[in-house]
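Please read the structure below before turning to the comments.
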Amino acid sequence: MNKVIGLACAAAFLCTGCFLLQERARQVRAIVLNFAPTEGSRGSVSTNDVPVQEALRLVDAVLVADGYGPNTNRVGGNAPGFVTSYAKYDTNGTSVACEPDVYLEDRRLGIAFAELGNRTGHFTPPTQRVFNSLQKELSNRFGPRNVKVVKPPAA
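5 is the number of the first residue of the sequence shown in our numbering; add one for each residue after it.
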């Protein structure tokens, strides 16, 4: 009996792989806003600069309108360039959607969306909707030439 269980477990492992060793599938894309250099600028921007503050308010307005709020459970918030993170919570306080992170590096503001466990190759419709809405609003305000969608290369 133990041999049968052992063989069945070994066959299952060989056929499917060990899910504990596999990286969780995820869909990751980011919206990147490039800030044009201004007269007398030093090459980078900060959260104190007026265009950056305006962009952050716009990001906040779009995400909050879709039910997101500050991510109070964010791990790794000390990453270089990290500004803030958002999450959507259910009534039990559990995060129920992707958690967009906002970064500022050099002259770029990046809003990264990641859906862990998503093996479809595409964002779920609610995430795609807010992603498209944010891209549209940033493009309308800062110009489509300054707003790009980036997807990391496949591993």
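Built from N, CA and C at the ideal position, the CB exists for glycine as well.
Kindly indicate which three-state DSSP category residue i falls into: helix, strand or coil?
{"i": "proline 84", "result": "coil"}
{"i": "arginine 145", "result": "helix"}
{"i": "alanine 41", "result": "Sequence check: residue 41 is proline here, not alanine. Three-state DSSP puts proline 41 in coil, outside helix and strand."}
{"i": "lysine 140", "result": "helix"}
{"i": "phenylalanine 127", "result": "coil"}
{"i": "arginine 133", "result": "helix"}
{"i": "valine 79", "result": "coil"}
{"i": "leucine 18", "result": "The pLDDT assigned to leucine 18 is 35, lower than 50, so where the model puts this residue is not dependable; a value taken from the coordinates is nonetheless given after this. Helix, per DSSP."}
List the DSSP bridge partners of residue i.
{"i": "phenylalanine 117", "result": "Arg33"}
{"i": "glycine 73", "result": "Ala91"}
{"i": "glutamate 109", "result": "Arg112"}
{"i": "lysine 152", "result": "Val36"}
{"i": "serine 50", "result": "For serine 50, which the question treats as bridged, DSSP gives no partner whatsoever."}
{"i": "serine 99", "result": "Tyr93"}
Would you mind giving the Cβ-Cβ distance between residue i and residue j, rounded to the nearest angstrom? I have them listed as a contact below 8 Å.
{"i": "tyrosine 90", "j": "glycine 114", "result": "In fact, because the Cβ distance is near 14 Å, the residues do not count as touching under 8 Å."}
{"i": "phenylalanine 135", "j": "tyrosine 107", "result": "That pair is no contact at about 16 Å."}
### Validate contact between the stretch 45-58 and the stretch 67-80 using beta carbons, cut 8 Å, 3 pairs
The stretch 45-58, when compared against the stretch 67-80, does not touch it at the 8 Å Cβ threshold.
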